[in-house]
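Asks: I'd like to ask some things about the structure below.
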Amino acid sequence: MRSERVVENLNRALGGLLDADPNTYLLGEDLADPYGGAFKATKGLSSRYPGQVLSTPISESAVVGVAGGLALAGNKAIVEVMFSDFVTLAFDQIVNFASKSVTMYGQWVPIRLIVRCPTGGRRGYGPTHSQSLQKHFMGVPGLSLYELSPFRDSLATFHEMIASGGPCLFFEDKVLYTSRMYLNGVVDDLFSFDHLDARGTVARVWADDGDDPDCVLICPGGLVHRAVSAARSMLIEDELTCQILVPAKLYPFDFEPVLPLLRQSRLICVVEDSTAGGTWGADLAHAIHGLLWGRLGRPVRLVHARDSVIPAAAHLERSVLVQDSTIRRAVKESLANA
Amino acid sequence: MSEHDLERLLLIRHFENKLLELFEQGRLHGTTHTCLGQEYIPVALGALLKAGDHVFSNHRGHGHYLARFDDPDGLLAEIMGRSGAVCGGVGGSQHILRDRFLSTGVQGESLPVAAGVALHLKRRSPGEVALVHIGDGTWGQGVVYETLNIARLWSLPLLVVVENNKIAQSTEVSAHMAGTIADRAAAFDIGYHFCDSILPDVIRAELGPLVRKVRETPMPLIVEFDTYRVGPHSKGDDTRDRVALRRAADHDWYVRFRQAMPERFGAVDRRQRTRVAAVADAVAARPLSGGSNAF
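Okay, structure coming up:
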C-alpha cells in the first residue's frame with residue numbers, strides 16, 4: 000500500500016488535535032467544508048468539529064489576534080494563513096502580542112498558538128504568493144519556527160509545538176502537500192533515512208552510511224526532493240557522497256543531534272528557498288563556524304534563492320528559486336576550493 | 000456619589016500627578032501616559048463589571064488598572080522598576096497583566112485579542128464579557144475594523160469603550176478621523192451608545208441595561224465617551240493652544256466635583272494625596288526589582 004500524501008498526514012494530525020481536546024480551535028479563511036481550505040489541509044474537519052473549526056473573513060491580523068486571545072484564555076489555537084505571504088499582515092500580532100506576551104508580563108504566560116503558513120514557490124503563483132518568509136521571523140524572543148517534513152508525522156511536530164507553550168510558525172511547502180510521506184526508512188532505490196534523535200526532530204538521508212561524507216546538506220522539509228535529486232546526481236555522476244539533514248524545528252536550532260555528523264563532513268551546505276540576505280542559513284553558518292572553528296575544511300556554503308521577486312512564468316521562476324542543479328553546482332564548487 | 004467612587008477617582012488623580020512630578024524630578028525612567036481628566040470612565044465602569052470579566056487596557060492604562068485593583072503600590076513599583084512590581088518591572092507603564100486585566104502598548108492590537116477572549120467566554124462561561132478600552136486615535140488602525148466585523152458576525156460579548164478625548168497624541172480628531180464613531184458602529188450593525196456624563200451613577204444607569212444585553216444576548220457594543228484629556232499625551236509634550244487647554248480644564252471632573260461638594264471632596268482629596276505620597280516614598284526606597292525568571 001502506498002503511503003499517505005503529506006497533506007493527508009497533515010489533515011489527520013489536525014483532526015487528531017481537534018479530537019483530543021475540545022479546547023483546540025482551528026481558524027482561517029475558507030477552511031470550512033465543502034471547500035476545506037485552499038490546499039485541502041482542513042477538508043472534512045469543519046464537518047466533524049463544527050464548533051472548533053471556524054472560517055473567517057479575510058482579516059489575517061484580526062484572525063491571528065483572535066487566536067492569540069483564545070490562547071491567552073487557555074485554549075490551543077491554530078491559524079491557517081492561506082498563503083504564507085499574507086502572514087506579513089499579522090506581523091504585529093505575532094511579534095508584538097503573541098511572542099512578547101509569553102515573557103513581557105514578568106511571569107511565564109503560555110500562548111499555545113500555531114500559525115500555519117503554506118509556503119514557497121514552484122507553482123507559478125507569482126511574487127506575492129510564492130515567498131518563503133521564515134527568515135523574517137527569526138530572532139523574535141518567544142517565537143519558534145518549524146517546518147513540515149515528509150519524514151515526520153505532523154502530529155508529533157504539533158505536539159512538540161504545543162508543548163513548548165509559546166507561539167510557533169509552521170511553514171508548509173506547498174509542493175510537498177501532494178507528495179508522499181516517507182516510511183520505513185526508504186526514500187528511493189538508492190537513499191534511506193533515519194532520525195538522529197528519538198523524537199524524530201531531525202531526519203537524516205543517506206545512500207552510503209559510512210563516515211566522512213563529502214557533504215552534509217542541511218535543509219528544511221520543502222527542499223527535500225531537490226536535495227535528494229542533487230545528492231543522487233552527485234553520487235552517480237560525480238562520485239560524491241552527500242548526507243541530508245532535515246530538521247523539523249528551524250529556529251531556535253538545536254545543534255546537539257547534528258554536530259557529530261557535521262564534524263565528519265568535508266563540506267556543510269545549508270539550503271533554503273528564501274531570498275539572499277539575512278537568511279536562516281547565514282544564521283546557522285555563523286553558529287557552525289563558532290562551534291567547529293578549527294575543524295572545518297572550508298566555510299559553510301549557503302544555497303538560497305536569488306535576490307529577486309519570484310516571477311510567475313515557469314522558466315523565470317526556475318531562474319530565481321533553488322533547483323537541484325543549483326545545489327549540485329554549489330557543492331562541487333565549494334569542494335573544488337581547498 | 001459614593002465614597003468608594005470618590006476615593007478611587009482621587010487615588011487615580013493623585014497617582015497620575017505624582018508620576019508627572021517624579022518625572023520632573025528625574026526620578027522616573029522611560030515614558031508614561033497619564034489619564035488626567037478621564038479617570039471617571041473606568042471608575043464608573045468598574046461597578047458594571049463582574050470578577051469573571053476581562054479588561055483590556057492600552058497605553059493610557061493606569062486608571063484602568065487602579066479602578067480594578069486598589070494597588071497603587073504594585074503599579075508604581077512596576078513603573079519605577081522596584082520590588083513588589085506587578086510584572087517584575089519587565090512590562091512597565093503600558094504592559095500589565097494581572098488576573099483578567101491586560102494592557103499592551105500598540106494601538107488597536109488588543110482589540111482582536113479581546114475578541115478571542117470574548118469567543119472563549121461565550122463558549123465556556125456565558126454571561127461574562129471582554130471590555131476593551133480604545134481611544135479616538137485607535138480608529139486609524141485597520142485591525143479595529145477587521146475585529147468589529149468578526150465580533151458582530153460571531154455575536155461576541157465584546158464591550159468596546161471608546162474614550163474620545165478628541166486628540167490622538169498631538170493630532171486633533173478633526174485631522175485624524177473622517178466621519179463619526181456612531182456611523183462606524185452602524186456600518187457593522189453594532190449597538191452604540193454616546194455618553195457625555197462625568198457622573199459615575201448616571202453613566203451606570205445609562206449603561207447598565209446595555210451591558211446586560213452584551214452579556215445575555217451576547218452581542219458586541221460600542222460605547223463612546225465624550226471626554227477630555229486634561230494633561231499632556233506623555234510628559235510636557237502638550238502643544239494645544241490656550242483655548243483648547245481651557246476647554247479641557249473646564250470639563251475636568253476634579254474642579255466640578257470640588258465645587259459641588261467642597262468639604263467631602265477636600266477630606267478625600269487630602270487622604271488620597273497623602274496616601275499616594277506615602278506609597279511613592281515607600282516604593283522609591285525599595286530595592287530594584289529582580290525582573291523575573293521568565294524573560
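Here the protein sequences come in this chain order: A and B. Be aware that the first sequence starts at 0, since it is given in numbering that gives the first Met the number 0, and climbs by one per residue. Be aware that the second sequence starts at 0, since it is given in numbering that gives the first Met the number 0, and climbs by one per residue. Heads up, the beta-carbon is just placed ideally off N, CA and C, and yes, glycines get one too. Given the structure is predicted, the values throughout are model-derived calculations rather than measurements.
#1: Under 8 Å, with one C-beta from each stretch per pair, do the region 144-159 of chain A and the region 192-205 of chain A reach the 3-pair mark?
#2: If you draw a straight line from the alpha carbon of Met0(B) to that of Leu157(B), how long is it in whole angstroms?
#3: Glu316(A): buried (16+ other C-beta within 10 angstroms of its C-beta) or exposed?
#4: Along chain A, which residues have their Cβ under 8 Å away from the Cβ of Asn16(B)?
#5: When the cut-off is 8 Å and only beta carbons count, does Ser58(A) lie next to chain B?
#6: Please return the same chain residues whose Cβ sits closer than 7 Å to the Cβ of Gln133(A), not counting the five positions on each side in sequence.
#7: Can you check the region 192-255 of chain A for any beta strand (DSSP E) of at least 3 residues that lies completely inside it and give the ranges in chain order?
#8: Return the residue from the list Ala304(A), Ser58(A), Pro33(A) and Thr41(A) that minimises the CA-CA distance to Thr87(A).
#9: Could you list the residues in the region 93-111 of chain A with a C-beta less than 7 Å from some C-beta on chain B, going in chain order?
#10: Drop a sphere of 10 angstroms on the beta-carbon of Arg297(A), count the other beta-carbons inside from all chains shown, and report buried for 16 or more, exposed for fewer.
#11: Per the DSSP calculation, Arg115(A) is bridged to which residue(s)?
#12: Could you list which residues in chain B have their beta carbon closer than 8 Å to that of Gly138(A), in chain order?
#13: Cβ atoms of Val62(A) and Gly35(A): under 8 Å apart, would you say?
#14: So if I threshold CB-CB distances at 7 Å, which residues from the region 49-63 of chain B count as touching chain A?
#15: For Leu75(B), would you say it is in contact with chain A, using Cβ-to-Cβ distances shorter than 8 Å as the test?
#16: Determine the contact status of Val245(A) and Cys218(A), defining contact as a CB-CB distance below 8 Å.
#17: Let's test the definition: count the other Cβ atoms within 10 Å of the Cβ of His53(B) and tell me whether it reaches 16, buried, or not, exposed.
#18: Can you tell which of Thr240(A), Gly276(A) and Phe136(A) has the C-alpha that lies nearest to the C-alpha of Asp304(A)?
#19: Relative to chain B, which residues along the region 58-84 of chain A have a C-beta separation below 8 Å, given in chain order?
#20: Three or more beta-carbon pairs under 8 Å between the region 76-86 of chain A and the region 162-180 of chain B, yes or no?
#21: Where does Thr127(A) land, buried or exposed, given buried means 16+ other C-beta within 10 angstroms?
#22: To which residues of the same chain is Ser100(A) closer than 6 Å at the C-beta, ignoring the five residues directly before and after it?
#23: Below 7 Å on C-beta distance, what does Asp91(A) contact in chain B?
#24: How far does the beta strand (DSSP E) with Gly190(B) in it extend, from its first residue to its last?
#25: Which residues, taken in chain order from the region 125-137 of chain A, show a beta carbon closer than 7 Å to some beta carbon of chain B?
#26: What does Val116(B) reach in chain A if we use C-beta pairs closer than 8 Å?
#27: Taking 8 Å as the limit between beta carbons, can you name the residues of its chain near Cys167(A), skipping five residues before and five after?
#28: Ignore the nearest five residues each way along the sequence and tell me which others in Ala284(A)'s own chain have a CB closer than 7 Å to its CB.
#29: Which class does Ser131(A) belong to by DSSP, given the choice of helix, strand or coil?
#30: Tell me whether Ala66(B) sits in a helix, a strand or coil according to DSSP, three-state version.
#31: Might you give, ordered along the chain, the residues of its own chain that have their beta carbon closer than 7 Å to the beta carbon of Arg203(B), omitting 5 neighbours on each side?
#32: In the DSSP assignment, find the beta strand (DSSP E) that holds Asp272(A) and state where it starts and stops.
#33: Put Ala302(B) into one of helix, strand or coil per three-state DSSP.
#34: Does DSSP put Ala84(B) in a helix, a strand or coil?
#35: Does any residue of chain B have a CB that is nearer than 8 Å to the CB of Thr55(A)?
#36: Please list the partners that Ala113(B) has in chain A, where partner means a Cβ-to-Cβ separation under 7 Å.
Replies: On the basis of the data shown:
#1: yes
#2: Taking the straight line from one Cα to the other gives about 28 Å.
#3: Glu316(A) comes out buried.
#4: In chain order: nothing, as chain A lies at least about 26 Å away.
#5: The Cβ of Ser58(A) sits closer than 8 Å to at least one Cβ of chain B.
#6: Leu144, Phe170, Leu249, Ser273 and Trp279
#7: 201-205, 214-217, 241-246 and 248-250
#8: Ser58(A)
#9: Correct list: Asn95, Phe96, Thr102, Met103, Tyr104, Gly105, Gln106, Trp107 and Val108.
#10: Taking every protein chain shown into account, the CB of Arg297(A) has fewer than 16 other CB atoms within 10 angstroms, so this residue is exposed.
#11: Arg115(A) pairs with Glu79(A) and Phe169(A).
#12: By Cβ distance, chain B contributes nothing, its closest Cβ being about 15 Å from Gly138(A), past 8 Å.
#13: no
#14: Of all residues in the region 49-63 of chain B, none has a Cβ within less than 7 Å of some Cβ in chain A.
#15: no
#16: yes
#17: buried
#18: Inspection of the sequence shows that residue 304(A) is occupied by Ala rather than by Asp. Residue Gly276(A) is the option with its Cα nearest to Ala304(A).
#19: Ser58, Ser60, Ala61, Val62, Val63, Gly64, Val65, Ala66, Gly67, Gly68, Leu69, Ala70, Leu71, Ala72, Gly73, Asn74 and Ala76
#20: No: the two stretches stay apart, fewer than three of their Cβ pairs being nearer than 8 Å.
#21: exposed
#22: Same-chain partners within the cutoff: Val108 and Ile110.
#23: Within 7 Å Cβ-Cβ: Val105 and Glu108.
#24: Segment Gly190 to Cys194, the beta strand (DSSP E) holding Gly190(B).
#25: none
#26: Within 8 Å Cβ-Cβ: Gly68, Leu69, Leu71 and Ala72.
#27: So the qualifying residues of the chain are Leu112, Ile113, Val114, Leu142, Ser143, Leu144, Tyr145 and Met160.
#28: Cβ neighbours of Ala284(A) beyond the five flanking positions: Val269, Val299 and Leu301.
#29: coil
#30: DSSP, reduced to helix, strand and coil, places Ala66(B) within a helical segment of the structure shown.
#31: Ala43, Ala46 and Leu47
#32: Leu266 to Thr274
#33: What the structure shows of chain B is the stretch from 0 to 294, and residue 302(B) is not part of that stretch, so it cannot be assessed.
#34: coil
#35: yes
#36: Gly68
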